[in-house]
Amino acid sequence: ANFLHMYQPPVQSREILLRVANESYRKILDGLVQNPKAKLTLNINACLTEMLAENECTDVIEHIRILLERGQLELTGSAKYHPFLPKLPESQIIRQIQLNTETNKKYFGEAYQPKGFFPPEMGYDSAVGKIVQQLGYTWIILDELACPTTLDHTKTYLDATGMMYFFRE
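Dropping the structure here:
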């Protein structure tokens, strides 16, 4: 499965943001729009969504919305400002995830219905996993180093509660 993570720090300069949008985001999304059979799972933190809206990149947001509505794109949930979740108290983890959801729903509409979760910096511990599941996510993507055994790409990894774990390479 193809998974991409779009992120720029909240303090990114306008110049760099526009360059990244032109050299990366638009090219990827335009390619998907032109190839209706292509599918992708994508994480975009809500702080980037807002920055795109505020810096004349609404076409990027519109392409994401179109791809969501066409079923070509699956967005993941995450934390709005990309904090390292294992170091936050539970209330702040929940707040960051809820802010991300509220903001992305504002821009992507009802098509924003993430089932999967991308923890910023792939930071994970059991407390994060429990919160993510309580918030209704059914799968989470983690670094392959978090796999408790030798990674086998032919297996589906589930915990006792039914949460699915996918490991990236």
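Using our numbering, count along the sequence shown one by one with no gaps and you end on 172. For every residue, glycine included, the Cβ atom is placed at its ideal position computed from N, Cα and C. Note that the structure is a prediction, hence the values are computed from the model and not measured.
With 16 or more other Cβ atoms from the protein chains shown falling within 10 Å of its own Cβ, proline 117 counts as buried. For aspartate 33, the uninterrupted alpha helix (DSSP H) segment begins and ends at 29–37. Relative to the Cα of glutamate 65, the nearest Cα in the group Gln136, Pro92, Asp33 belongs to Asp33. Just so you know, the alpha carbons of alanine 41 and glutamine 75 end up roughly 6 Å apart.
For asparagine 103, the enclosing alpha helix (DSSP H) starts and ends at 93–111. Counting C-beta atoms within 10 angstroms of its own C-beta, proline 39 has fewer than 16 neighbours from the protein chains shown and is therefore classed as exposed. Contact check between the region 125–145 and the region 13–24: fewer than three CB pairs, one atom from each, fall below 8 Å, which does not count as touching. Comparing C-alpha distances from asparagine 48 to each of Gln136, Ile67, Gly139, Lys158 shows the shortest one belongs to Ile67.
Rounded to whole angstroms, the gap between the alpha carbons of methionine 166 and threonine 153 is 19 Å. The three-state reading of DSSP puts aspartate 128 in coil, since its state is none of H, G, I, E or B. In the three-state scheme derived from DSSP, where H, G and I count as helix and E and B as strand, asparagine 46 is classed as strand. The DSSP-derived three-state label of arginine 171 is strand. Inter-segment contact for the region 147–162 and the region 100–108 is absent: fewer than three beta-carbon pairs are separated by less than 8 Å. Under the three-state reduction of DSSP, methionine 54 is assigned to helix.
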